[in-house]
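Under my numbering, the first residue of the sequence shown is numbered 1, with each subsequent residue one higher.
All C-beta atoms in this analysis are idealised placements derived from N, C-alpha and C, irrespective of residue type, glycine included.
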Amino acid sequence: MTLNKSTRNSKAKTNIAFLRFKLDTLGENFIYEEATCFKNFSPFVFCGRIKRLDKKIDHYCCEEFINLQSKWLNIPQSQKIFYHKVILKYLRIISEKNIMILHAQFLTDAFFFHDLIKESKLPLIVTLRGYDLFHPKAQLFLQKLMPFVSKFIVKSESMKDVLASFGCNTDKVQVIYGGINTDRIIFRPRIPAENNINILSAGRFVDKKGYETTIIFFSKLLRSYPNAKLTLIGEGELKNFLSKLIKRLEISDNVIIKDFMPHLSFIKELYKYNLCVLPSRTAKKGYKEGIPNFLKEAMASGMPVISTFHSGIPELITDHETGYLVAENDHQGIFTKVKFILENKEKAFQACLNARFFVEKYFNVKKTAAKIERIYDYLLMPDYVRSAIDLNDGKKPTEFRVDLHLQKGCNSECIMCDNWKSHPSTSYSRKNVSEVLDQLQTFGVDQVRFHGQEPTLMKDIFSIIKEAKDKGFRVGLKTNALIFSDEKKVKMLSGVLDDLYLSIDSSDENIHNSMRGNDQSFSRNMLLIKALRKISTSMKIYLNSVITNVNHKHLIGLLDIAESMKIARVSFVHLSTNNKDNIKRLKLSKDQLKEFYFRIWPQILKKSISYNIPVSVDPYLTSLIELPVEQQIKILNNASTGFNEEIDNFFEGLYGKYFYGQNKCYGVLDHATIDWEGNVFPCCAMPRNQELAVGNIHKDIFVNIWNSDKYVKYRDDIIRGDCRFKDYCSRSFKKTAEYNNYFEIENKNAEEIAADFQDQYMEKSRTNKYSLEKLIYYSFCKSEVYHNKFQNFITPNKKLNLSHLPFITKDELKLDFPGKKVVPNYFDDEYGIYRTSSCGSAAFLYARPLSSNAFTRMSESFRQTGKWKSGCPWLKLTSLNCVESQYPLNIAPPVRSIENGRSKVTVIPASNDFINESRSKIKEVYSLINGSNAQLIHANPSYLKLLLYRFKQEKMKLDNNYVIHSTYELLLPSTKSIIEKYLNCKVFDQYGCSEIGPIAFKCSHGKNHIFSDTVHIEVLPDNKLNRSDVGRVIVTHLKNYVMPFVKYFTGDFAYFLDNKDCACGLKSPIMGDIAGRDNEIIYHKNKVVFPLELDSIFYNFNNILMYQAVFENGQFFVQIVPESKEKPIPVKKVINTFKTFFEDNSLEVHIETVASILPKRKGKYSSVIIK
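What follows is the structure, encoded as structure tokens:
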């Protein structure tokens, strides 16, 4: 056995094994291309022999397998002992490398490795690609393999139908199309013309590819188009036959046969041709295609494709929409399609556009690889998570619990509960209960728990429990044990109960009884446990304890009781207002909470290790939930102030505020509660008020209630994180955290931040150009607005000239929103509707993917300040309008702090008039900033300037060593100077707009670097300005395919740059400074002035805090806010400076000193207003 391990990093990835009898990375590139896209799994190839190896890939090859004569299950008897010895070697590798999943790349590979599959007992995935499914032996041996297969992956819906016809359960079958690397295949539209027909057909030279039909068709085509060319690329058994056929038809001068070539070379070869023909057919031996990758690659590259109505090909090609189809063996039909293409070039061009984006949507290797990884994830998940996923996908659950609260009222007068005050009652007859159990069984419930208030008060409770057990449920009972006064009653639970839940609040009998309000409570619980242990050792008994200021110091001894009684788990919970409104006199003080978590709980954990008894407490400290117990103890013993926020929340009863700020609840997918009146509640932790119920079991069956609009909406809201009770919930944090680990399988944000960081240091002009071209073609193909805009500029066989395309304005994109004219969303991304941060009529609605994350760009801008690293806190100050613009219309923006990219963001509450704000409000903001531990302030510069001014007035000094990151507004030199003076710090600028996000940022050398992986920037001359140094800023957002912004005029103007190099080390392109907006340009006589230039008038006057210049009818009306009221504004000097600047001594300038200047409503400050 040879072991060959590549050096690529597979850190933190789960190891899986690809089973492939023959390793050929060249000829079967499609397998290994897909594997390179895996993010969480690392494949090792188990192979029998190596044919061609042109990639670094981990593989384990048993050369001994070369001698085996069969790939099928019928290994000759003489070779079976040898075969099994080799399998043992692979089993050893599985153990050494901790292989978790086996993935047979063809059905034949699963047959060949059948003993390995059986003996490893690992989950098995089998991919069927065409040949293997249609082989005559496939059906014969498939039946023997099916019990071992966890999931079949097939490459077309038609193959799924064939597999079903063989008797395979379709729940085990998933269609995942074969993916191609569309990023590597550039779209270059090529339509054949009468004098330029260059045809390509490629693949293995085998019967099912239909090469014979291709050659016969081409011989006929030459009669009409004698200059046409045909190239065949491939290898295989029919090569000699095809060569002879070409000679016999006397077309050798026009046909070339090329050898098989490496994949990258083949992709380059594609662009030499302008027509693809592959007339696949059912071979004489019955073999069929899946969906040939060659067709996908040809479509993605931009040439028309002609194929047949064969196997899965119609799932790729829709006739006359994404390509052209004919019947199998129909060479005349192919000729007719070619004639149509030649006579309808515009339609053929549109089909090529459709084809490219269809392939990108359904056959992108990144998407197909992600689907495969989701199967891997699913197979490795705990059963309860798989059940929740199935249920969420509309399938029956395998694990779902219903808590049946059949009886109202209780016979134990607990001090922390008011249930005993209720008069005993129920709405159920015995028949009703049986009907409910039948409904739950039909739905897929596997566990029922008979629950409080006190279920044993229910008449016939023991026969009900027995019926539930007889129906196959796992049965649980939660009781106060008071009715179990002798062993005779205990025996009624024998053989019918799986789980018993008892409440014991202290190892001290008197303390427990005082809390439970009954002198017999402790002894009855002990009697019940002991009697049950005589009857059954398999029944699981669980203890629960409510933590109060009465018993919190007497809980450790419960572990001793648990150990002596063979208890399965001990749980501790804090008080809940669900059971009693007024709990103030019982709840722990802050000091007692600290005592419990940092002194008592570590001792309980130590005993749990010693006795090997699991323990839990709800709520728990979020950062400790998933740590090993020993590590938890160590941290808790050394805890000081690190958990203050959570302890404060627990004291206020806000048990879930911190935890659910970072996690979502999925409990609605694993349980439900039905109360004594038949009301159905989606969650065991929510208040059981009738108005919160999602249905009633007496009025409708459970499955109908589950599918009702009210229940569906509740589940969707909870899974989205929108739960009105989450701050008060303490339900099973550990299980919820585990759910989040599986449902949110990876946090992409950190990876994206790192990627954006690296992108700034890489020259990527070519790939960004291709991204730009693709988006333009997409917009032209899918958006009516852009199609109409570009139709005279984008034509077939003509190179795309980006500079010739017209730009589009905001007014053009406002039309028909959110209809398909501007929101094509062809790729079906989840998206939000946002409002731009502009004020008044300038604002408009737009759409962008919810997955888009402007912070990944913004973080790189932060990083360039030298004061921020990923994960560090930061402060944010801007207008309410700007804050609101960052969130979809249906989501309220955060009031104070949020987590963004794992960095804590403290939102500083803005004021429209910081100058006149109350001192108490200013002090509150000052304390917020000081207490944040942040060094970076991301701010609207005018708001920040006015806030700092007030701090100075109130003698509130910020001591931290800050850096300012300015955005949301044009950073004027005069404003920058004041901020630097107040804080003695550096100010960095970032340029962007709400609909695009961050566009460029200033580096340490003062140059504006463009986020070129996300946006493409052009600065185009505007002849109306009569200025050669300034142009319109035209932006294309390269990542928004929901509502494209292509050649979009932002309204801003920027300076042209003579030198586009920067010595800072970043390779991203740069742009000139922003001069101002189109609605702020001052036209006076022969001068055209932007706000940035007008600011120079005020820059050298030391006492100007803020100004606003209104230009109306050739006159200036200027309001000025002085920094110091004691120092007068030199009005005459300001006026003379205006006249000098505009070279107009007759210019009228009116100066007014004011106390403050207000921004637009909820919006930005304007230094220039044009009327």
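Inset, instruction - Use the C-beta contact count for GLU454: other C-beta atoms within 10 angstroms, 16 or more gives buried, fewer gives exposed. - result: Locating residue 454 in the sequence shown gives position 454, counting from the first residue. Buried is the label assigned to GLU454, since at least 16 other Cβ atoms lie within 10 Å of its Cβ.
Inset, instruction - Helix, strand or coil for GLU119, going by three-state DSSP, please let me know. - result: For the purposes of this step, residue 119 is taken as residue 119 along the sequence shown, with counting starting at 1. Three-state result, GLU119: helix.
Legend entry - Helix, strand or coil at ILE561 [DSSP, three-state]: Position 561 of the sequence shown, counted from the start, is the residue given in the question as residue 561. Looking at ILE561 - three-state DSSP - the assignment turns out to be helix.
Inset, instruction - Using only alpha-carbon positions, find the residue among CYS61, GLY27, ILE979 that is nearest to ARG52. - result: By one-based count along the sequence shown, residue 52 stands at place 52. Measuring C-alpha to C-alpha distances from ARG52 to each of CYS61, GLY27, ILE979 identifies GLY27 as the nearest.
Inset, instruction - Name the one or two DSSP bridge partners that VAL1168 has. - result: Mapped onto the sequence shown, residue 1168 falls at position 1168. Paired residues: ALA1109.
Inset, instruction - Please determine if the segment 271-282 and the segment 249-256 are in contact, where contact requires at least 3 C-beta pairs separated by less than 8 Å. - result: Segments in contact, no.
Inset, instruction - Determine the closest residue to PHE309 out of GLU626, ASN930, ASN637, ASP319, with distance taken between C-alpha atoms. - result: Along the sequence shown, one-based indexing puts residue 309 at 309. The alpha carbon of PHE309 has as its nearest neighbour, out of GLU626, ASN930, ASN637, ASP319, the alpha carbon of ASP319.
Legend entry - Run of the alpha helix (DSSP H) containing CYS729, from where it starts to where it stops: Stepping through the sequence shown from its first residue, residue 729 is reached at position 729. Under the DSSP assignment, CYS729 falls outside any alpha helix (DSSP H); it carries neither an H nor an E label.
Inset, instruction - Ignore the nearest five residues each way along the sequence and tell me which others in GLY1051's own chain have a CB closer than 6 Å to its CB. - result: By one-based count along the sequence shown, residue 1051 stands at place 1051. ARG1077, ASP1078.
Inset, instruction - Can you check DSSP and say which residues form a bridge with SER966? - result: By 1-based counting over the sequence shown, the position of residue 966 is 966. Per DSSP, the beta-bridge partners of SER966 are ALA939, ASP989.
Legend entry - Euclidean distance between Cα positions of GLN1115 and HIS1150: Your numbering for residue 1115 matches position 1115 in the sequence shown. Your numbering for residue 1150 matches position 1150 in the sequence shown. The C-alpha of GLN1115 lies about 8 Å from the C-alpha of HIS1150.
Inset, instruction - Tell me whether GLN758 sits in a helix, a strand or coil according to DSSP, three-state version. - result: Taking the first residue of the sequence shown as 1, we reach residue 758 at position 758. Here GLN758 scores only 49 on pLDDT, less than 50, and its place in the model should not be relied on; the value that follows carries that caveat. Taken through DSSP and simplified to helix, strand or coil, GLN758 comes out as helix.
Legend entry - Residue from ARG863, CYS729, SER1068, ALA910 with nearest C-alpha to CYS882: For the purposes of this step, residue 882 is taken as residue 882 along the sequence shown, with counting starting at 1. It is ALA910.
Legend entry - Span separating the alpha-carbon of LYS1127 from that of TYR982: Counted from its first residue, the sequence shown places residue 1127 at position 1127. Counted from its first residue, the sequence shown places residue 982 at position 982. Whole-angstrom Cα-Cα distance: 18 Å.
Legend entry - DSSP three-state assignment for ARG599, whether helix, strand or coil: As a working mapping, residue 599 is identified with position 599 in the sequence shown. ARG599: helix per DSSP, three-state reduction.
Inset, instruction - Pull up the distance between the alpha-carbon of ILE745 and that of LEU91, whole angstroms please. - result: The sequence position of residue 745 within the sequence shown is 745, counting from 1. The sequence position of residue 91 within the sequence shown is 91, counting from 1. Low per-residue confidence applies at ILE745: pLDDT is 46, beneath 50, and the placement is therefore not dependable enough to give any value.
Inset, instruction - Pull up the DSSP beta-bridge partners for MET1071, would you. - result: Here residue 1071 refers to the residue found at position 1071 of the sequence shown. According to DSSP, which records beta bridges pairwise, MET1071 is partnered with ASN1008.
Inset, instruction - Might you give, ordered along the chain, the residues of its own chain that have their beta carbon closer than 6 Å to the beta carbon of ILE257, omitting 5 neighbours on each side? - result: For the purposes of this step, residue 257 is taken as the residue at position 257 of the sequence shown. Excluding the 5 residues flanking it on each side, ILE257 has same chain C-beta neighbours closer than 6 Å at LEU232, in chain order.
Legend entry - C-alpha distance - ILE1129 paired with VAL1118, whole-angstrom precision: Against the sequence shown, residue 1129 aligns to sequence position 1129. Against the sequence shown, residue 1118 aligns to sequence position 1118. Between ILE1129 and VAL1118, the C-alpha separation is close to 12 Å.
Inset, instruction - Under 8 Å by Cβ, that's how I've got LEU457 and ASN411 pegged, so tell me the actual separation to the nearest angstrom. - result: Against the sequence shown, residue 457 aligns to sequence position 457. Against the sequence shown, residue 411 aligns to sequence position 411. The Cβ separation is near 6 Å, so the contact holds.
Legend entry - ILE604 and MET515 closer than 8 Å at C-beta: Taking the first residue of the sequence shown as 1, we reach residue 604 at position 604. Taking the first residue of the sequence shown as 1, we reach residue 515 at position 515. No, the pair does not count as a contact, with Cβ atoms beyond the cut-off.
Legend entry - Span separating the alpha-carbon of GLU360 from that of ILE833: Stepping through the sequence shown from its first residue, residue 360 is reached at position 360. Stepping through the sequence shown from its first residue, residue 833 is reached at position 833. Near 24 Å, if we compare the C-alpha coordinates of ILE833 and GLU360.
Legend entry - Touch test, the segment 398-409 against the segment 116-124, Cβ-Cβ under 8 Å, three pairs minimum: Touching, no.
Inset, instruction - Enumerate, from N- to C-terminal direction, the unbroken alpha helix (DSSP H) stretches of 4 or more residues contained entirely within the segment 10-72. - result: 29-35, all fully within the segment 10-72.
Inset, instruction - Determine the closest residue to ASN198 out of MET303, ASP161, GLU235, with distance taken between C-alpha atoms. - result: Your numbering for residue 198 matches position 198 in the sequence shown. Of MET303, ASP161, GLU235, the residue nearest in Cα terms is MET303.
Inset, instruction - Starting from ARG1077, follow its DSSP beta bridges and name the residues at the other end. - result: As a first step, residue 1077 is located in the sequence shown; it is residue number 1077 there, counting from the start. DSSP, once it has assigned bridges, lists ASP1052 as partnering ARG1077.
Legend entry - Three-state class that DSSP yields for ASN544 in the structure shown: Within the sequence shown, the letter at position 544 stands for residue 544. Correct three-state label for ASN544: strand.
Inset, instruction - Measure from the alpha carbon of ASN518 to the alpha carbon of each residue in ASP499, ILE483, LEU500, then state which is nearest. - result: Translated into the one-based positions of the sequence shown, residue 518 becomes position 518. Of all alpha-carbon atoms in ASP499, ILE483, LEU500, the one lying nearest the alpha-carbon of ASN518 is that of ILE483.
Inset, instruction - Please confirm whether VAL1174 and LYS337 have their CB atoms less than 8 Å apart. - result: No answer is possible for residue 1174: it lies beyond the span of the chain, which begins at 1 and ends at 1171.
Inset, instruction - Look at the alpha carbon of PRO1190 and the alpha carbon of ASN29, and state the distance between them as a whole number of angstroms. - result: Not covered by the structure: residue 1190. The range shown for the chain is 1 to 1171.
Inset, instruction - Could you check the C-alpha separation between HIS1016 and GLY290 for me, to the nearest Å? - result: Stepping through the sequence shown from its first residue, residue 1016 is reached at position 1016. Stepping through the sequence shown from its first residue, residue 290 is reached at position 290. Looking at the two C-alpha atoms, the distance is approximately 39 Å.
Legend entry - Paired residues, beta bridge with GLN174 - DSSP: Mapped onto the sequence shown, residue 174 falls at position 174. BP columns for GLN174 point to ILE153.
Inset, instruction - Give the DSSP bridge partners of HIS574, in chain order. - result: One-based indexing of the sequence shown puts residue 574 at position 574. Paired residue(s): ILE547.
Legend entry - Secondary structure of GLY498, DSSP reduced to three states: To locate residue 498, count along the sequence shown from 1; it is residue 498. Reading the sequence as shown, one finds Asp at residue 498 and not Gly. DSSP places ASP498 in coil when its eight states are reduced to three.
Inset, instruction - Within 10 angstroms of the Cβ of PHE1049, are there 16 or more other Cβ atoms? Answer buried if so, exposed if not. - result: The residue labelled residue 1049 in the question sits at position 1049 within the sequence shown. Here PHE1049 is buried. Its C-beta has 16 or more other C-beta atoms within 10 Å.
Inset, instruction - Could you tell me whether the segment 799-813 touches the segment 211-222, where touching means 3 or more Cβ pairs closer than 8 Å? - result: Output reads no: the segment 211-222 does not touch the segment 799-813.
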